[in-house]
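In this note's numbering, the protein residues as written are 20 to 162.
Below: one structure, written as structure tokens.
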Amino acid sequence: WGLFAPQYLRGLEAAVMIGVRSLRLLAKKGDNSREPSWLEPKLADWRRQHFSQLEKMCRTRGLRCSTSHLEPTKLSLEEVRKEWLVDRLVAYELLSHEKEQARQVAAKEEAAAKEKRRKSRYNLEDYDGEECGMDGFPLDEME
């Protein structure tokens, strides 16, 4: 797997794990749950691009990018291709976002555990839970 870029492998994972649903069909049903607010700028950018550019983006991400099987419906062939490719890019971005959120949570938990270990290392309690004899009084008569 070392031959492939992480972006490519994530695209393969997105195709398998997330799957693809047509955003246009979901929007007709009133379901906007697949379009979070952080994705709106990317959606707008993708929808402005020619489908050949979207094909290149999908290819670099390991997503299916062949659109030769598509046929025009109420939309032109170019629009059908665009929407089909955008649906795949959305699946990729959803997985990437989910993975990044999980990575950030894991990093915070690791930092908290590290801080806890650091504090416990300098704790002045004895192993049995009773305080050590360091109450601020000198241990020797010489001090």
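Where a beta carbon is used, it is the ideal one built from N, C-alpha and C, also for glycine.
Bear in mind that the values here come from a model prediction, so they are computed numbers and not experimental data.
- The segment 95 to 111 and the segment 65 to 77 touch, with three or more beta-carbon pairs separated by less than 8 Å.
- Collapsing the DSSP output to three states places Pro25 in a helix.
- Shortest Cα-Cα distance from Leu28 to any of Lys135, Gln72, Gly81 involves Gly81.
- C-alpha of Leu58 to C-alpha of Gln123: approximately 19 Å in a straight line.
- It is roughly 21 Å from the alpha-carbon of Glu128 to the alpha-carbon of Leu114.
- Relative to the Cα of Ala34, the nearest Cα in the group Arg100, Arg83, Leu96, Gln68 belongs to Arg83.
- Taking C-alpha positions only, Gln72 is separated from Glu112 by approximately 17 Å.
- Between His69 and Glu90, the CB-CB gap reaches or exceeds 9 Å.
- Secondary structure of Thr79 (DSSP, three-state): helix.
- By the neighbour-count definition (other C-beta atoms within 10 Å, threshold 16), Leu108 is a buried residue.
- In the three-state scheme derived from DSSP, where H, G and I count as helix and E and B as strand, Glu90 is classed as coil.
- The three-state secondary structure of Pro60, taken from DSSP, is helix.
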